[in-house]
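S.K.: Under our numbering, think of the first position of the sequence shown as 102, with each following residue one higher. Take this structure first; my questions come after.
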Amino acid sequence: MNSAKFTIKNLELFENLKFSLEESANTTKLEWLYRYENKVSPREISPNIKMFLTQEEFLGYGFYGEDAKNDTRLNIIPRGKYMFLQGIGGKEDFSVIEKAAETLFLESIWQEKNLDDTTYLRFLQEGEKTVFQIFRAIL
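Here it is as structure tokens:
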């Protein structure tokens, strides 16, 4: 895939985005989520691109509908303020996704925003194409 330019947004989620490892009538395989840890300090001058997305954990498929209070089977992207970007590509395009994670990191430094080290990578299937979204909470 060619080098892409990414538009980074400041986003406020007003509701949690929910995901479940258990398939049910309330889950959709057209949306899925991974969690990573960023191991790059804002003070690093030449970080290794592999350190932006470490400790991969699959958090499940999109969950819609009512859930029981404090349902521990659900994983969430918590409501709140995030730096966010979106691009075209699936897991097979991971080098593009790593570049996107680096771009978001560099923009956070430029905007003087402190971000949580947890990085959410959400995929959405839209017809024949896959879209990825990266979320990092603003502290």
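Here a beta-carbon is modelled for each residue, glycine too, at the ideal position from N, C-alpha and C.
Taking just the CA atoms, how far does V197 sit from L131?
M.R.: Taking the straight line joining both Cα atoms gives about 21 Å.
S.K.: Have a look at F148 and E203 and give me their C-alpha separation to the nearest angstrom.
M.R.: At residue 148 the sequence reads Pro, which differs from the Phe that was named. Each residue's alpha carbon lies about 9 Å from the other.
S.K.: Where does A202 fall in DSSP's three states?
M.R.: Helix at A202.
S.K.: With distances taken Cα to Cα, identify the nearest neighbour of Y165 among E157, M152 and N127.
M.R.: Minimum Cα distance to Y165 is reached at N127.
S.K.: Can you tell which of E213, E138 and M184 has its C-alpha closest to the C-alpha of F107?
M.R.: Taking only the C-alpha atoms, the option nearest F107 is M184.
S.K.: For N103, which of helix, strand or coil comes out of DSSP?
M.R.: At N103 the pLDDT is 40, less than 50, meaning the model places this residue with poor confidence and gives no usable figure here.
S.K.: Is the beta carbon of G181 less than 8 Å from the beta carbon of S121?
M.R.: Not in contact: G181 and S121 (Cβ atoms no closer than 8 Å).
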